[in-house]
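Encoded as structure tokens, the structure appears first; notes follow it.
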Amino acid sequence: MEVIHKIGRRKTAVARVYVSDGNGNITVNKKDMNDYFTTGTLQYKVNQPLTLTGNDKTFDVKVNVYGGGITGQAEAIRLALSRAMVQLDEENRTTLKPEGLLTRDPRMVERKKYGQKKARKKFQFSKR
1 MEVIHKIGRR KTAVARVYVS DGNGNITVNK KDMNDYFTTG TLQYKVNQPL TLTGNDKTFD
61 VKVNVYGGGI TGQAEAIRLA LSRAMVQLDE ENRTTLKPEG LLTRDPRMVE RKKYGQKKAR
121 KKFQFSKR
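Numbering (the UniProt record's numbering), first residue to last: 1 to 128.
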């Protein structure tokens, strides 16, 4: 099998995933996944496409991810891995699609407006 390359995005995070034959090692930015994502929730998010398709011990995954925070990065990796699993076997689409793992989450941070404190919050108005 050749190396499968896919890209996933979430907010401002971009993840490039390279999937190859192996024994289940996941490397994120040249670190072990458990060292990069310290909480169990984020580790679960990254592993979700592999466990749902039953491929968690059959592929080695190398990830380059940048931008955003760690949650956005984990979800970007999850999207890229889901796309790679579908390219590997089209049957995986029926497993991943109902879980919502093939949908790119379009929500972005709303920009701050001029004359306001934040995007929606206004400065307090005081009548003296």
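Glycine included, each C-beta is placed from N, C-alpha and C at the ideal position.
Keep in mind it's a predicted model, so treat the numbers as computed, not measured.
Residue i versus residue j - alpha carbon distance
i, j, result
"residue 138", "LYS97", "For residue 138 there is no data in the structure shown, the boundaries of the chain being 1 and 128."
"MET1", "THR58", "12 angstroms"
"THR37", "LYS121", "According to the sequence displayed, residue 37 carries Phe and not Thr. So the two alpha carbons sit approximately 33 angstroms from each other."
"ARG111", "GLY67", "17 angstroms"
"ASN23", "PRO106", "33 angstroms"
"LEU88", "THR51", "15 angstroms"
"ASN64", "GLU99", "24 angstroms"
"ALA15", "TYR114", "32 angstroms"
"GLN124", "GLY8", "40 angstroms"
"ASN29", "LYS118", "33 angstroms"
"ARG104", "GLY72", "12 angstroms"
"ASN47", "THR39", "13 angstroms"
"VAL109", "ARG128", "35 angstroms"
Alpha helix (DSSP H) segment containing residue i, residue limits
i, result
"TYR36", "33-36"
Helix, strand or coil at residue i according to DSSP, with G and I counted as helix
i, result
"PRO114", "The identity of residue 114 in the sequence shown is Tyr, whereas the question assumes Pro. Three-state result, TYR114: coil."
"LYS127", "coil"
"VAL14", "strand"
"GLY22", "coil"
Contact check, residue i vs residue j, beta carbons under 7 angstroms
i, j, result
"LYS62", "THR27", "yes"
"ALA13", "ALA76", "yes"
"GLN6", "ALA74", "According to the sequence displayed, residue 6 carries Lys and not Gln. No, these two residues do not count as a Cβ contact at 7 angstroms."
"SER20", "ASP60", "yes"
"LYS45", "ARG78", "yes"
"THR53", "ASN25", "no"
Start-to-end residues for the beta strand (DSSP E) that takes in residue i
i, result
"ILE28", "According to the sequence displayed, residue 28 carries Val and not Ile. Here the beta strand (DSSP E) through VAL28 covers 26-28."
task = Identify every run of the beta strand (DSSP E) within the region 36-121, keeping only runs that are complete inside it and at least 3 residues long; order them along the chain.
result = Counting whole runs of 3 or more residues, the region 36-121 contains the beta strand (DSSP E) stretches 59-66.
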